[in-house]
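In the working numbering, the protein residues as written are 24 to 474. This report concerns only the one structure given below.
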Ligand SMILES: CC(=O)SCCNC(=O)CCNC(=O)[C@H](O)C(C)(C)COP(=O)(O)OP(=O)(O)OC[C@H]1O[C@@H](n2cnc3c(N)ncnc32)[C@H](O)[C@@H]1OP(=O)(O)O
């Protein structure tokens, strides 16, 4: 039976900081970020946006776009590493927001949950729902990957920030992609990037403006998650490389394929924590699969030879054909954690639809990664009707009309000091307030739909 992605939608912040503005303020050569890492714009949530609004807006757009009867939606599974509560999932917020537009109790029999494993939680949600539809082919599932990739100011991750959500309708006989069931996996428990729970005492809180809002509801101490991760960038790259190469080899075994499996893939869709991560790391798989090309490179060490191989005609052609189309949106948005690999898929499909490429029945390969750390490698085949769905999505148009903000506005938004939204919200769910007064509801988030 064919099971896969039938339709797709997205919700991305409507404002961004041009990467050259950030580079100049941080004394970084703009070309390092633009030519070295492929970054152009960094999308940033407006005052009224968060992971819940991104997820709910992307989900509602998908339901309306495909005119789905809510009674047919059996599951809404959310991948995210930016949870707003340690108990109540984003999915619970999203369910009630969707019901506010689709009808009271319209999703009462829908199973919803969040899945968290850093950036790979959206892929875990997808695979869970694919299996569910394989067993229940008349049902529909929605997978939403929603995150706010926020890093500390002046940190090495600051220029890779971004935010947004991708929503996908998972059905039998899908119109965009059908997945095979084999998955290559590599997992190892490491500390390359994580968001630990930290415990603060009353005096810590009173001295910290960031956490002052909690003062008054405290007894002796309080545990909070910081939105920004603790990370070691270069170690995280090494973990990424270790996991993806192992998962790729495991995929070959699981799918009983030999030879250069990536050669069967028209597009290579990788987790992109920043635009050029895919092209900078796929070289490891390329070199493993082409030892003779690596041996022919000039260089004193293996590392030098690998570097030389990235500039070879064979590898540059592979990047241009199989990786570049998935990078276009990433360079305009930044990292969206769980949604990044699906944003790459959407970017690639929109690019090929514009080019009128015949992708029907072509295979695409997915190489996913989540810090902590896990990689999954799997493949899918493009369906006959993919273009009719993709042609109705205006990803590149939306990105071209995204609104630039200045550095001062960005810093205030980052520090949560901005008093008003930069752009007036329209036709979207917004974060209205967070409860501070009522002791039994303190921390509850209130949302509304702005017509
Ligand atoms: C979260 C995960 O998925 S784990 C995997 C990725 N990790 C992360 O995203 C964590 C957060 N981000 C980070 O820690 C950092 O931003 C990183 C690790 C992504 C990048 O680290 P940096 O030290 O800023 O950059 P790095 O040195 O790796 O690369 C800069 C590139 O720009 C190139 N460069 C530097 N200056 C210039 C210039 N003027 N013109 C052109 N290119 C330039 C460098 O040569 C290098 O490219 P190359 O290695 O292909 O030659």
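Beta carbons are placed, not taken as given, at the ideal position from N, Cα and C, and that holds for glycine. Every value quoted in this text rests on a predicted model; they were computed, and no experiment measured them.
Simplified DSSP state of residue i, which is helix, strand or coil
i	result
residue 130	coil
residue 238	Summary for residue 238: the model assigns pLDDT 49, below 50, so the residue's position carries little reliability; its value from the coordinates is reported in the next sentence. Correct three-state label for residue 238: coil.
residue 460	coil
residue 157	helix
residue 30	strand
residue 322	coil
residue 101	strand
residue 110	coil
residue 358	coil
residue 173	coil
residue 339	helix
residue 299	coil
residue 145	helix
residue 68	coil
residue 397	strand
residue 210	strand
residue 292	strand
residue 282	coil
residue 2	Missing from the structure shown is residue 2; the chain here goes from 24 to 474 and no further.
From the options, residue whose alpha carbon lies closest to that of residue i
i	options	result
residue 437	63, 181 and 418	181
residue 415	199, 226 and 185	199
residue 247	106, 214 and 54	106
residue 90	101, 384, 418 and 30	30
residue 389	271, 252 and 443	271
residue 306	277, 452, 425 and 261	261
residue 308	329, 298, 296 and 319	329
residue 161	98, 108, 110 and 367	98
residue 424	350, 356, 77 and 47	356
residue 336	418, 319, 364 and 352	319
residue 302	323, 287 and 332	332
residue 108	220, 195, 393 and 321	220
residue 110	365, 38, 431 and 139	139
residue 448	433, 35, 417 and 325	35
Supposed contact pair residue j and residue i - C-beta distance, whole angstroms, cut 8 angstroms
i	j	result
residue 354	residue 85	With 8 angstroms as the limit, residue 354 and residue 85 do not qualify as a contact, their Cβ atoms being about 24 angstroms apart.
residue 190	residue 81	4 angstroms
residue 60	residue 124	Not confirmed; about 39 angstroms, so no contact.
residue 174	residue 252	7 angstroms
In DSSP terms, what residue i is bridged to
i	result
residue 137	101
residue 402	388
residue 437	Answer is none; residue 437 lacks a bridge partner.
residue 201	27 and 404
residue 248	220
residue 482	Because the chain is modelled from 24 through 474, residue 482 falls outside the range shown and cannot be assessed.
residue 118	The partner list for residue 118 (beta bridge, DSSP) is empty, contrary to what the question assumes.
Any C-beta of chain D under 8 angstroms from that of residue i
i	result
residue 441	In the structure shown, chain D does not exist; there is a single protein chain.
Quiz item: Between the stretch 352-361 and the stretch 133-149, do at least 3 Cβ pairs fall closer than 8 angstroms?
Solution: The stretch 352-361, when compared against the stretch 133-149, does touch it at the 8 angstroms Cβ threshold.
Exercise. Indicate whether the contact test is met: 3 or more Cβ pairs, each with one atom in the stretch 334-347 and one in the stretch 159-169, closer than 8 angstroms.
Key: Short answer: they don't touch.
Quiz item: Is there contact here, the stretch 367-386 with the stretch 313-324, by at least three beta-carbon pairs under 8 angstroms?
Solution: Here the stretch 367-386 makes no contact with the stretch 313-324; the two share fewer than three CB pairs at distances below 8 angstroms.
Self-check item: Validate contact between the stretch 387-402 and the stretch 120-137 using beta carbons, cut 8 angstroms, 3 pairs
Solution: Taking one beta carbon from each stretch, the stretch 387-402 and the stretch 120-137 have fewer than 3 pairs nearer than 8 angstroms; the two do not touch.
Practice problem: Evaluate contact between the stretch 450-465 and the stretch 68-77, counting only Cβ atoms and requiring at least three cross-stretch pairs below 8 angstroms. | Solution: By the Cβ criterion, the stretch 450-465 is in contact with the stretch 68-77, since at least three pairs of Cβ atoms, one from each stretch, lie closer than 8 angstroms.
Practice problem: Could you say if the stretch 203-217 and the stretch 46-54 meet the contact criterion of at least three C-beta pairs nearer than 8 angstroms? | Solution: As far as the Cβ criterion goes, the stretch 203-217 does not touch the stretch 46-54, which means the pair count is below three.
Quiz item: Three or more C-beta pairs closer than 8 angstroms, one from the stretch 389-406 and one from the stretch 417-435: is that the case here?
Solution: In short, these stretches do not touch, since the Cβ pair count stays below three.
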